[in-house]
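Student: Counting in our numbering, the sequence shown runs from 2 upward without gaps. For each residue, glycine too, the CB sits at the ideal point set by N, CA and C. The following block contains the structure, expressed as structure tokens.
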Amino acid sequence: MKITDSVQYIKGVGPKKKAELARLGITTVYDLLTYFPRTYEDQSVLTRIADLHLGEQQTVSGVITKLQERQGGRRGMTILTALIGDGSGFLKVTWFNQKYLKKQLVVGRRIFVTGRAAYAFGGRGQFEMSQLSSFEVLTGEEEPAVHCGIQPVYPATERLNQKFFRKLLQEALAADIELSEVVPASICREYRLMPRREAFETIHFPKDFDALKAARRRLAFEELYLIQCGLMLLKKKVQQSATGIRHAGDGELLARVRKSLPFTLTHDQESTWQDIRRDMERDVPMRRLVQGDVGSGKTVIAMLALVKTVENGCQGALMAPTEILAEQHYESFCRQLQPFGIRISFLSGRLTKKQREAVYHEMAAHETDIVIGTHALIQDDVQFNRLGLVVTDEQHRFGVAQRTALEKKGSCVPDVLVMTATPIPRTMTLTVYGDLDVSLIRELPPGRKPIRTFVRRPDRRPLIYRYVHSQLEEGRQAYVVCPLIEMKEDSDLPSAEEIYDELRYGIFHDMACGLVHGRMRPAEKEAVMEAFYKGEIQLLVSTTVIEVGVNVPNASIMVVEHADRFGLSQLHQLRGRIGRGSYASYCILVSEGKTQQARERLTIMAETADGFRLAEEDLRLRGPGQFFGAMQHGLPDLKIADVLRDSDILIEARRAALASLARREDLDFVLPVLALQYREQFQHITES
2 MKITDSVQYI
12 KGVGPKKKAE
22 LARLGITTVY
32 DLLTYFPRTY
42 EDQSVLTRIA
52 DLHLGEQQTV
62 SGVITKLQER
72 QGGRRGMTIL
82 TALIGDGSGF
92 LKVTWFNQKY
102 LKKQLVVGRR
112 IFVTGRAAYA
122 FGGRGQFEMS
132 QLSSFEVLTG
142 EEEPAVHCGI
152 QPVYPATERL
162 NQKFFRKLLQ
172 EALAADIELS
182 EVVPASICRE
192 YRLMPRREAF
202 ETIHFPKDFD
212 ALKAARRRLA
222 FEELYLIQCG
232 LMLLKKKVQQ
242 SATGIRHAGD
252 GELLARVRKS
262 LPFTLTHDQE
272 STWQDIRRDM
282 ERDVPMRRLV
292 QGDVGSGKTV
302 IAMLALVKTV
312 ENGCQGALMA
322 PTEILAEQHY
332 ESFCRQLQPF
342 GIRISFLSGR
352 LTKKQREAVY
362 HEMAAHETDI
372 VIGTHALIQD
382 DVQFNRLGLV
392 VTDEQHRFGV
402 AQRTALEKKG
412 SCVPDVLVMT
422 ATPIPRTMTL
432 TVYGDLDVSL
442 IRELPPGRKP
452 IRTFVRRPDR
462 RPLIYRYVHS
472 QLEEGRQAYV
482 VCPLIEMKED
492 SDLPSAEEIY
502 DELRYGIFHD
512 MACGLVHGRM
522 RPAEKEAVME
532 AFYKGEIQLL
542 VSTTVIEVGV
552 NVPNASIMVV
562 EHADRFGLSQ
572 LHQLRGRIGR
582 GSYASYCILV
592 SEGKTQQARE
602 RLTIMAETAD
612 GFRLAEEDLR
622 LRGPGQFFGA
632 MQHGLPDLKI
642 ADVLRDSDIL
652 IEARRAALAS
662 LARREDLDFV
672 LPVLALQYRE
682 QFQHITES
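Rendered as structure tokens:
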């Protein structure tokens, strides 16, 4: 059996089970093998019912002595209750809304249950379990398939339970599956990796925790090693197959522009600029990511790079994710650069056909030097005469495909500068942006007033909004951010629309209020944002659509409703919309703080303004799955590796990938593997 074969060829998988597995993303044998357990339980030790401890995870084996079915709750859910005896006592076990179990739960059958014990209500000291980790009913004299030794716990469903997954994986691994090695033998030896087949057998059927640890290390290493190889080969392909534009050293124009800046670059800005200069003066195309905290001054670095390419007879393009942000860049670039004779054009979907065609002509005829725009820059009609530099702002809003489309708009291979204001932890950077060189701007320019952040309970809302009103009376502007656009039946949260109506007809009836959210047409959204930017709107109620780089210096207050619904990185991006002017700024996080994690997250938010520290904390609290999910990186999802927990393995895998790139035999081995396992992500990698 091949790993690419359909899962239907495994014994026990009929059409219905095949459809159920497909809903979990399991269509092939390899999908099944890489459907890894989410955790493990040590069920090798059975606890007598008389010896159960409150609140501890324990496994009990007994015989079902009584079964009761009743209806309960407002919707009349089925409640099944079994009484289990083991000779030392009795345990009450309850299942909610699982009527289908009645066929299995037969009086007289032996059952194994794992869970946490509590005292049964009115049970005179009797124990009960109602939230089981797992259970197994034996239908005859067969040995327990699940409750013995260290047991994996899979993400299961009503129709696909733990017992089904274990039996299915037993069948799959018992078949003669082609599980050929995907890591070169030299790397396996050097890093002492468990053989691949043994690792898959152990991850699903561990003999002990030491073997499980070794199997997990092997499979996480394999996953990270292959992704690192793919990213490095992408980078190498660009460097080898493409001749970039070799820019000359800094000339008079760049010197004059730098001299005109009303400030001196910070140490981090200067260091980043030197990285970019060196890259642009090589004949290998630049591929650099600039990570900078909110307000750290990335845009001025991008502007200098664009001036450098113009000075060398080329054109530059800057693509922003929103119309309003592109327009703000256009206005600031015009103010700064037009006095030096640099021609700047603006291109967006809002222009008329005639206006767009005029800009297309300017670009193709080299009658403009820098074009600033939105996704309109990657339309088919757009062609540059000599594109030397591409700058994408807020990279995670675009994804790799859009960046690549813009790179192809010129006759030669341009340099690429990617800017993101979302600080990314180092381990994530290696994984997400492994094909790019990275520069960091951590320090903020001097003179920026810190934003004071407070966490307040919902019962303080009247006081909060009275204070906001007083600030608006003094001429300031404010944001109110909400997690929902409109009211949902299954949610008790007020929506942005409800809060907007409550505020504009209530305490802010004498102020100009606006509402902006993601479901509005782009033109509507842009009109509201522009009115806020011009000061025509004093209070803006919004969802998270404002988190990307809008610059309104007069906005000095932000209220975030139900702040516990946002991640730390998202809250930091939102908070970055204020504090851009000369006024003291305040961010008020409104939350009931029902969970410990929510309280911890908001306390960290109030205590620090360091985006990099917040990103690390966000990754720790939310986990890589959610953190990755928020980013449009276009890379394969990690099935077993965890970039936070496995940072040591990631560093080893990266070192191994670097070594493999220098060995022809390793490359010959790895390339077919990448083509098979990661065809979609690394399809353009070829070796001559």
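1. If V542 and Q478 are in contact, beta carbons under 8 angstroms, what's the gap, nearest whole angstrom?
2. Mind checking which residues open and close the alpha helix (DSSP H) that includes P523?
3. Using the beta-carbon count (16 or more within 10 Å), is K526 buried or exposed?
4. My guess is that K93 and L106 are in contact by the Cβ rule of under 8 angstroms, so how many angstroms apart are they, rounded?
5. For the alpha helix (DSSP H) containing K164, list its first residue and its last residue.
6. To the nearest angstrom, how far is the alpha carbon of L81 from that of L225?
7. As an exercise, report each continuous beta strand (DSSP E) stretch of at least 3 residues that is fully enclosed by the segment 427 to 486, in chain order.
8. According to DSSP, is R71 helix, strand or coil?
9. Please classify S586 as buried or exposed, where buried requires at least 16 other C-beta atoms within 10 Å of its C-beta.
10. By alpha-carbon positions, which one of T203, Q574, L672 ends up nearest to G616?
11. Specify, as a first and last residue, the run of the beta strand (DSSP E) that F128 falls within.
12. Where DSSP assigns a beta bridge to W96, which residues make up the other side?
13. Distance check for P286 and E179, CA to CA, integer angstroms please.
14. Can you tell me which of the three DSSP states Y155 falls into?
15. Please name the residue or residues paired with L390 in a DSSP beta bridge.
16. Identify whether I373 lies in helix, strand or coil by the three-state DSSP scheme.
17. In whole angstroms, what is the alpha-carbon distance linking D382 and R279?
18. For C588, which residues does DSSP report across the bridge?
19. By the three-class DSSP mapping on this structure, what secondary structure does T353 have?
20. Name the DSSP bridge partner or partners of S272?
21. Assuming S349 and G374 form a contact by the criterion Cβ under 8 angstroms, report the distance between their Cβ atoms to the nearest whole angstrom.
22. When we look at the beta-carbon of L133 and count the other beta-carbons within 10 Å, is it buried (16 or more) or exposed?
23. Could you please give me the residues that DSSP links to Y41 through a beta bridge?
24. How about the segment 376 to 391 and the segment 307 to 317: do they share at least three Cβ pairs that are nearer than 8 angstroms?
25. Here's a check: name, in chain order, each residue in its chain whose Cβ is nearer than 8 angstroms to the Cβ of D209, leaving out the five neighbours to either side.
26. How should M632 be labelled, buried or exposed, when 16 other C-beta atoms within 10 angstroms of its C-beta is the threshold for buried?
27. Check whether the Cβ atoms of L305 and R259 sit closer than 8 angstroms, and answer yes or no.
28. Please name the residue or residues paired with I65 in a DSSP beta bridge.
29. Between the segment 557 to 566 and the segment 527 to 537, can you find at least three pairs of beta-carbon atoms closer than 8 angstroms?
30. Quick one, are the C-beta atoms of A359 and N386 less than 8 angstroms apart?
31. Flag this pair as touching only if the segment 247 to 259 and the segment 670 to 679 have three or more C-beta atom pairs under 8 angstroms; answer yes or no.
32. Which one of I246, R110, T544, L441 has the shortest CA to CA distance from P415?
33. Tell whether a beta-carbon distance below 8 angstroms holds between V108 and L68.
34. By how many angstroms is the C-alpha of Y36 removed from the C-alpha of F628?
35. What three-state label does DSSP hand R520 in the structure shown?
36. Which of the three DSSP states, helix, strand or coil, is assigned to S661?
Tutor: With the structure as the only source:
1. With 8 angstroms as the limit, V542 and Q478 do not qualify as a contact, their Cβ atoms being about 12 angstroms apart.
2. In the DSSP assignment, P523 falls within the unbroken alpha helix (DSSP H) covering 523 to 534.
3. A buried status is given to K526, since no fewer than 16 other beta-carbon atoms sit within 10 Å of its beta-carbon.
4. Between L106 and K93 the Cβ distance is about 13 angstroms, and since that is not below 8 angstroms, they are no contact.
5. 163 to 175
6. 45 angstroms
7. DSSP runs (the beta strand (DSSP E)) wholly in the segment 427 to 486: 438 to 442, 452 to 457, 478 to 482.
8. strand
9. buried
10. Looking at the sequence shown, residue 616 is not Gly but Ala. A616 has its Cα closest to that of Q574, out of T203, Q574, L672.
11. 128 to 130
12. L81
13. 41 angstroms
14. coil
15. Per DSSP, the beta-bridge partners of L390 are G317, D416.
16. strand
17. 33 angstroms
18. T454, M559
19. Looking at T353 - three-state DSSP - the assignment turns out to be coil, as it is neither helix nor strand.
20. In the DSSP output, where bridge partners are listed per residue, S272 has none listed.
21. 5 angstroms
22. exposed
23. P153
24. yes
25. I151
26. Unreliable positioning characterises M632 in this predicted model, as indicated by a pLDDT of 48, which lies under 50. The coordinate reading is nonetheless provided below. Buried, by the Cβ-count rule.
27. yes
28. I85
29. No, the segment 527 to 537 is not in contact with the segment 557 to 566.
30. no
31. With contact defined as three or more Cβ pairs closer than 8 angstroms, the segment 247 to 259 and the segment 670 to 679 are not in contact.
32. I246
33. yes
34. Because F628 sits at a pLDDT of 49, beneath the cut-off of 50, its placement in the model cannot be relied upon, and the point is left open.
35. coil
36. For S661, the three-state secondary structure derived from DSSP is helix.
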